[in-house]
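Residues 1454 to 1625, numbered by the working numbering, are exactly what the sequence shown covers, in order. Glycine is no exception: its CB is placed at the ideal position from the N, C-alpha and C atoms. Worksheet for the structure shown next.
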Amino acid sequence: DYVNAKRFNTQSFILSDDYYISAAEFEPDGTNATFELQALQWRALEFANAGSGKATSCLSPPPTWNDGEITGITLKIAVGNTTAGGNTLFNVKLETAPDDVSTATPDHVADGTFPVSSTAYAIKSTKITFGSAISFTQHSSILLTLERDPSDAIDTHAAEVFLMGAILHYVS
């Protein structure tokens, strides 16, 4: 525990944590997901309203994470100069790859409906919890893919959206 780790100068692990991911940590597909300025100020990942856009990231969580689970993700979605509101649909694909292993865990895919603000340039945070948590072992890499599908009937926001960041939720 924390007290004994401090006393004996040994490693302590966190029981639950949030891992913040900036938009800059994603690699956009370059077609329907690109880096743009949101509100002409902040560099963000823009997902167009025409066609499916995808962005990926490979993450290395802190060494204070022990074996545990990733239980969900929060996306921070902003709109441009529009008051359209509605929902966006993102397909969230998550894999964990243990250290020194040639294969990752099977893909964990969840479709998440993320409401967007009806206030121009506003940011809205929405959390989805995975139906079954993704197991995580210490020193694993996390492979994350986000894909917007504006052609789906659930995606009712008829304009581009901007990913400002994401938060992974972990428990040990």
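Where do the ends of the beta strand (DSSP E) carrying residue i lie?
{"i": "H1561", "result": "1561-1568"}
{"i": "A1517", "result": "Inspection of the sequence shows that residue 1517 is occupied by Thr rather than by Ala. Segment: none, T1517 is in no beta strand (DSSP E) and carries neither H nor E."}
{"i": "H1592", "result": "Element bounds for H1592: n/a, residue is neither H nor E."}
{"i": "F1500", "result": "1495-1500"}
{"i": "S1475", "result": "1469-1475"}
{"i": "E1613", "result": "Counting along the chain, E1613 falls outside any beta strand (DSSP E), and DSSP gives it neither H nor E."}
{"i": "I1523", "result": "1521-1532"}
{"i": "A1575", "result": "Neither: A1575 is in no beta strand (DSSP E) and is coded neither H nor E."}
{"i": "A1537", "result": "Taken as a continuous stretch (DSSP letters only), A1537 belongs to no beta strand (DSSP E), as it is neither H nor E."}
{"i": "E1489", "result": "1486-1491"}
If you measure between the beta carbons of residue i and residue j, is that distance less than 8 Å?
{"i": "E1522", "j": "F1589", "result": "yes"}
{"i": "L1512", "j": "A1476", "result": "no"}
{"i": "A1550", "j": "A1611", "result": "no"}
{"i": "L1427", "j": "T1484", "result": "Residue 1427 is absent from the model: the chain starts at 1454 and stops at 1625."}
{"i": "K1580", "j": "G1525", "result": "yes"}
{"i": "V1624", "j": "S1570", "result": "no"}
{"i": "D1602", "j": "N1534", "result": "no"}
{"i": "I1576", "j": "W1518", "result": "no"}
{"i": "F1672", "j": "Q1491", "result": "Here the chain has residues from 1454 to 1625 only, and residue 1672 is not among them."}
{"i": "S1585", "j": "T1527", "result": "no"}
Rounded to a whole number of angstroms, what is the C-alpha to C-alpha distance between residue i and residue j?
{"i": "Q1591", "j": "I1474", "result": "19 Å"}
{"i": "A1563", "j": "Y1574", "result": "27 Å"}
{"i": "K1546", "j": "L1599", "result": "6 Å"}
{"i": "T1470", "j": "H1622", "result": "The question names Thr, yet the displayed sequence has Asp at residue 1470. Approximately 6 Å between the Cα atoms of the pair."}
{"i": "F1488", "j": "W1495", "result": "10 Å"}
{"i": "K1529", "j": "E1478", "result": "14 Å"}
{"i": "S1515", "j": "A1606", "result": "Checking the displayed sequence, the identity of residue 1515 turns out to be Pro instead of Ser. Near 38 Å, if we compare the C-alpha coordinates of A1606 and P1515."}
{"i": "D1450", "j": "S1555", "result": "Outside the displayed span of the chain (1454 to 1625) sits residue 1450, for which this structure offers no information."}
{"i": "D1553", "j": "D1520", "result": "16 Å"}
{"i": "N1540", "j": "S1594", "result": "30 Å"}
{"i": "I1653", "j": "K1507", "result": "Outside the shown range of the chain (1454 to 1625) lies residue 1653, about which nothing can therefore be said."}
{"i": "T1572", "j": "S1604", "result": "23 Å"}
{"i": "L1651", "j": "I1587", "result": "There is simply no residue 1651 to check, as the chain begins at 1454 and stops at 1625 in what is shown."}
{"i": "G1504", "j": "E1613", "result": "11 Å"}
In this structure, what does DSSP give as the bridge partners for residue i?
{"i": "F1626", "result": "Beyond the ends of the chain as shown, which are 1454 and 1625, falls residue 1626; an answer cannot be given."}
{"i": "P1551", "result": "For P1551, which the question treats as bridged, DSSP gives no partner whatsoever."}
{"i": "S1588", "result": "E1522"}
{"i": "A1508", "result": "P1481, L1599"}
{"i": "T1556", "result": "BP columns for T1556 are empty, so no partner."}
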